[in-house]
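In full-length UniProt numbering, the protein residues as written are 1 to 319.
Where a beta carbon is used, it is the ideal one built from N, C-alpha and C, also for glycine.
One structure is given below, encoded as structure tokens.
Have a look at this one:
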């Protein structure tokens with residue numbers, strides 16, 4: 001007797017500036033899922049917010065929910081606002097559809113870089129000194145030293161700029177405010193950029209993948225260097241044992257404090273004074289070339305197996 005295949009809804013796209021990145025993540029996952037085990041249904045959210053079925057036909061939200069309810073589990077790979085920020089998790093919760101990854105609260109808090117800083121500092125994890133600005137208060141900010149300007153809730157380094165001279169500040173603030181009503185201005189941290197990934201397994205244990213170091217000419221891992229192939233990823237990152245343990249402890253602490261599920265990427269700067277948290281990504285990039293799959297490949301978990309663990313964890317959690 002043939003075993004029934006698990007019906008998986010892979011959701012990509014999204015109504016934000018990471019739409020194309022999300023499409024790439026969803027396409028990679030769809031291609032990697034074993035057709036002998038999984039029946040994949042691809043759903044896409046357009047930049048206009050409209051949903052499309054696997055034949056790229058426009059469907060309404062109600063029809064999309066009915067298709068989702070016909071699946072055993074959803075694999076949401078929508079990065080950024082109106083996706084990763086808990087919006088999609090809330091929809092799936094209301095529809096009663098099990099899904100891989102973090103829920104509403106973890107997604108919403110982690111997407112908000114300012115609130116993430118507050119959580120980190122509350123549990124003793126250092127972050128870069130910074131201030132929160134809005135369109136109303138941006139003009140009052142006086143540049144005194146190099147800073148990084150970034151939207152509070154955007155991804156893929158969209159709208160992120162390093163400001164080394166006061167004359168560069170207005171343009172940087174304008175670019176960030178074009179993507180978000182709130183802007184974070186942080187001190188430049190001189191240190192190595194190192195990412196860690198935490199994965200929950202169906203038996204309740206967690207895996208911390210080998211750390212990955214990002215080496216970028218110019219020192220800023222911006223949108224271009226993320227996707228043009230110019231960045232060099234070193235995995236496992238060459239780290240002193242004390243630094244490795246401190247990073248793993250901090251990554252797990254943030255995972256637990258935010259109430260994350262599934263796989264999460266936690267980004268740090270490694271400095272002489274220890275790790276400094278940069279940000280937390282509850283729906284990280286998920287193509288075969290992305291950081292998280294690279295890290296787990298270094299741990300002996302190939303991309304298809306990583307997807308298997310995520311899906312099985314979601315099914316066990318819903319049982």
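Check: Start and end of the alpha helix (DSSP H) containing residue 243?
Finding: 241 to 258
Note to self: Check whether the segment 193 to 202 and the segment 264 to 279 are in contact - that is, three or more C-beta pairs closer than 8 Å.
What the structure shows: yes
Next item on the list: Let me know the secondary structure DSSP gives residue 303 once reduced to three states.
Entry: helix
Notebook entry, point to check: Quick one, are the C-beta atoms of residue 89 and residue 103 less than 8 Å apart?
Noted result: yes
Notebook entry, point to check: Could you give the C-beta distance for residue 127 and residue 117, rounded to a whole number, given that I count them as a contact under 8 Å?
Noted result: 4 Å
Margin query: For residue 159 and residue 4, what's the separation of their Cα atoms in angstroms?
Written below: 46 Å
Notebook entry, point to check: Going by the CB atoms, is the gap between residue 235 and residue 294 shorter than 8 Å?
Noted result: yes
Next item on the list: Evaluate residue 161 with the Cβ neighbour count: other Cβ atoms within 10 Å of its Cβ, from every protein chain shown; 16 or more gives buried, anything less gives exposed.
Entry: buried
Notebook entry, point to check: Do the segment 70 to 80 and the segment 3 to 17 touch if we need at least three Cβ pairs shorter than 8 Å?
Noted result: yes
Checklist line | For residue 149, the nearest candidate out of 60, 175, 207 (CA to CA) | finding: 175
Next item on the list: Take every Cβ of the segment 305 to 313, pair it with every Cβ of the segment 201 to 211, and state whether three or more of those distances are shorter than 8 Å.
Entry: yes
Check: In or out: residue 245 buried (at least 16 other Cβ within 10 Å) or exposed?
Finding: exposed
Check: Can you check whether the CB of residue 124 is closer than 8 Å to the CB of residue 320?
Finding: Given a span of 1 to 319 for the chain in the structure shown, any question on residue 320 remains unanswerable.
Margin query: If contact is defined by three or more beta carbon pairs under 8 Å, each pair taking one atom from either stretch, is the segment 130 to 137 in contact with the segment 182 to 191?
Written below: yes
Item checked: Of the residues 240, 187, 52, the one placed nearest residue 143, counting alpha carbons only -> 187
Margin query: Quick check on the DSSP output: what are the complete alpha helix (DSSP H) runs of length 4 or more inside the segment 168 to 225, in order along the chain?
Written below: 169 to 177
Next item on the list: Work out the CA separation of residue 59 and residue 41 for me, nearest whole Å.
Entry: 14 Å
Check: Hey, out of 147, 113, 56, 257, whose CA is closest to residue 153's CA?
Finding: 113
Notebook entry, point to check: Are residue 197 and residue 292 close, meaning C-beta to C-beta below 8 Å?
Noted result: yes
Check: Excluding the five sequence neighbours on either side, which residues of its own chain have a C-beta within less than 6 Å of the C-beta of residue 92, listed in chain order?
Finding: 74, 99
Notebook entry, point to check: Does the beta-carbon distance from residue 254 to residue 172 come in below 8 Å?
Noted result: no
Check: Residues in its own chain within less than 8 Å of residue 166 by CB, not counting five upstream and five downstream?
Finding: 143
Margin query: Using only CA atoms, which one of 64, 115, 48 lies nearest to residue 82?
Written below: 48
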